[in-house]
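Residue numbers (UniProt numbering): 1 to 268.
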Amino acid sequence: MAAPVGGGFPALEPGAAPYGNFPNYSRFHPPEGRVRLLPAGLLRSLFPAAARPLLGLDVGCNSGELSVALYRHLLGLQEGEGSLDQPAAGKDLNLLCCDIDPLLIERAQQFSPFPASISFANLDIMDSAAREPFLSSYLGRFGRSAFDIGFCMSVTMWIHLNHGDSGLREFLSLLSSLCTYLLIEPQPWKCYRAAARRLRKLGRSDFDHFRSLAINGDMAERITQILTGDCAMELVCCFGSTSWDRSLLLFKSNGSNHEGRESSGQEQ
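What follows is the structure, encoded as structure tokens:
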């Protein structure tokens, strides 16, 4: 996802965004196309007796429009509600949003309506040397070791194309270890082919791993198999598909190693 071009942020041809860091993504895949699929009161149903605040992690947030839309929807806030210094919302949910593109993160920070409870950070989630101290520091502020819920919206393809089959498995394993619940929107295989075509049309080198990917075909099914078979997660619900043919899948960790769940997801 991304923001409209402007405000000094450079426009890129679609094929020139090899990590999915499109500067005008929300123009053709608006946030409403996802959030309308999610039921009202989702957080209350998942965490009926949780201590607050809940902690959320949005990986690949781009310029933040979807992050903010998810935040509003999960807390039942109408468009326009909230102010630049609203602390009350953060009592229910604190959301950490990260992306590989520093310019898009700068834009997200500039226009965030909830700076007290939504944090935007420039981070390559696949760089363990940068990731581990950063996430540990954030979680440590709340005395936690894991997030209650994670969001991975149209990110898996870019991890897969840039890091290969092993990178995709590593990424999914990481998310399952970090989050009690995981809401994920995998890109279908046709999007892989389209991304590769865009690069070729621009005369750029193909993605390093595209032609050697053994994990292919029905990507929602393949990712479900990895998460349930290798990552100790269970599929809770499919909330349906967007108008651009991407499923929203909710998984829950079966593991017992989430201190975050133990401290916030159980009855007090």
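Each residue gets a CB set at the ideal place from its N, CA and C atoms; glycine is no exception.
Outcome for residue i when other beta-carbon atoms lying within 10 angstroms are tallied against a minimum of 16
i: serine 83; result: Low confidence applies here, because serine 83 scores a pLDDT of 48, under 50, leaving its location unreliable; read the following figure in that light. Answer is exposed; the Cβ neighbour count stays below 16.
i: aspartate 58; result: buried
i: arginine 193; result: exposed
i: glutamine 187; result: buried
i: glycine 56; result: buried
i: arginine 211; result: exposed
i: proline 31; result: buried
i: cysteine 61; result: buried
i: alanine 49; result: exposed
i: asparagine 254; result: exposed
i: alanine 220; result: buried
i: leucine 104; result: buried
i: alanine 69; result: buried
i: serine 128; result: exposed
i: serine 136; result: exposed
i: glutamate 65; result: buried
i: serine 117; result: buried
Own chain, CB closer than 7 Å to residue i, minus 5 neighbours either side, in chain order
i: leucine 168; result: Thr156, Ile159, His160 and Ile215
i: cysteine 231; result: Leu172, Ser173 and Ser176
i: phenylalanine 142; result: Leu55
i: alanine 130; result: Leu123 and Asp124
Sub-8 Å separation of residue i and residue j beta-carbons
i: glutamate 185; j: arginine 34; result: yes
i: serine 119; j: cysteine 97; result: yes
i: serine 63; j: alanine 121; result: no
i: threonine 228; j: leucine 235; result: yes
i: leucine 213; j: glycine 164; result: yes
i: serine 183; j: leucine 77; result: First, the residue type needs correcting, since residue 183 is leucine and not serine in the sequence shown. No, Cβ-Cβ distance for leucine 183 and leucine 77 is not below 8 Å.
i: aspartate 101; j: leucine 54; result: no
i: alanine 146; j: cysteine 179; result: yes
i: aspartate 208; j: alanine 196; result: no
i: aspartate 148; j: phenylalanine 251; result: no
i: tyrosine 71; j: leucine 38; result: no
i: leucine 74; j: leucine 42; result: yes
i: arginine 246; j: serine 154; result: yes
i: tryptophan 189; j: glycine 150; result: no
Residues of its chain near residue i, where Cβ-Cβ distance is below 8 Å and the 5 sequence neighbours each way are ignored
i: alanine 17; result: Pro23
6 Å CB neighbourhood of residue i in its chain, flanking five on each side removed
i: glycine 20; result: Trp158
i: serine 67; result: Asp58, Cys61 and Cys97
>> Please give me, in chain order, every unbroken run of the alpha helix (DSSP H) with length at least 4 that falls completely inside the region 32-120.
In response: If one requires a minimum length of 4 residues, the alpha helix (DSSP H) runs lying completely within the region 32-120 are 32-35, 42-46, 65-75 and 102-111, in chain order.
> Where in the region 135-208 do unbroken runs of the beta strand (DSSP E), each at least 3 residues long, occur, reported from the N-terminal end onward?
Replying inline: 147-153 and 179-185
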